[in-house]
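A.B. asks: Numbering (our numbering), first residue to last: 5 to 196. Quick reminder that beta carbons are idealized off the backbone N, C-alpha and C, glycines included. Sending over a structure as structure tokens; questions will come in a sec.
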């Protein structure tokens, strides 16, 4: 599911008329890139994950914002002795002992019912860049041009870690912002 719509693109002044099919495809690509960078789904859904138990009373959940927790299994056994506070589960005893690892399977609902406006705009900006790239010759056109000079013609490209392969690629700073806002860094997660 896309994080933005054709109508959102129009609202943000992206010229999509007559190119709706291409814009829809680019919306899917942009949404996938944003969600991957965030490290978690942004749109509300119910998820089942398996986490390693931690040797403390707080078990962080990998997606934000957490709305509700439907079930918790510790080593396959239903556990109801926990409390959801923010984006973590708390209980009276540790989720694992230092000498015995545990597996914690959690089914929970997380994400936004309405995609935040800045995320919609980011998605639409990526669509605009993709449409412009198509107008300028498609994927084979040069991405990452940092300067052009006319007299004694020169073209300079962004290099190193800041270089982008495609105009639909998110810069590192944007990826870090998305990850810190929506994901929980440092958790090993298996999604079922």
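(1) Short of 7 Å in beta carbon distance, which residues of its chain neighbour residue 31, apart from the five on each side in sequence? Order them along the chain.
(2) Just to confirm the assignment, what range does the beta strand (DSSP E) spanning residue 44 have?
(3) Looking at the secondary structure, which residues open and close the alpha helix (DSSP H) in which residue 178 lies?
(4) From the DSSP secondary-structure annotation, give me the bridge partner or partners of residue 160.
(5) At the level of alpha carbons, what is the spacing between residue 46 and residue 119?
(6) Kindly provide the ranges of any beta strand (DSSP E) runs that are 3 or more residues long and lie completely inside the region 46-108, ordered along the chain.
(7) What's the gap between the Cα of residue 233 and the Cα of residue 96?
(8) Could you check how far apart the C-beta atoms of residue 106 and residue 78 are, in whole angstroms? I think they sit under 8 Å.
(9) Taking the alpha helix (DSSP H) that residue 131 belongs to, which residues open and close that run?
(10) Provide the residue span of the alpha helix (DSSP H) that contains residue 14, from first to last.
(11) Is DSSP giving residue 39 helix, strand or coil here?
(12) From the DSSP output, read off the bridge partner residues of residue 113.
(13) Just how far apart, CA to CA, sit residue 138 and residue 54?
(14) Inspect the beta-carbon positions of residue 183 and residue 34 and report whether they are closer than 9 Å.
(15) Evaluate residue 212 with the Cβ neighbour count: other Cβ atoms within 10 Å of its Cβ, from every protein chain shown; 16 or more gives buried, anything less gives exposed.
(16) Helix, strand or coil, according to DSSP, for residue 30 in the structure here?
(17) Here's a check: name, in chain order, each residue in its chain whose Cβ is nearer than 7 Å to the Cβ of residue 12, leaving out the five neighbours to either side.
(18) For residue 65 and residue 39, what's the separation of their Cα atoms in angstroms?
C.D. replies: According to the data block:
(1) 6, 8, 127 and 131
(2) Neither: residue 44 is in no beta strand (DSSP E) and is coded neither H nor E.
(3) 176-186
(4) 151
(5) 7 Å
(6) 49-56, 62-64, 70-78, 87-89 and 92-94
(7) Outside the modelled stretch of the chain, which goes from 5 to 196, sits residue 233, for which no answer is possible.
(8) 6 Å
(9) 121-139
(10) 10-15
(11) helix
(12) 50 and 72
(13) 42 Å
(14) no
(15) The chain is shown from 5 up to 196; residue 212 falls before or after that span and cannot be answered.
(16) helix
(17) 124 and 128
(18) 17 Å
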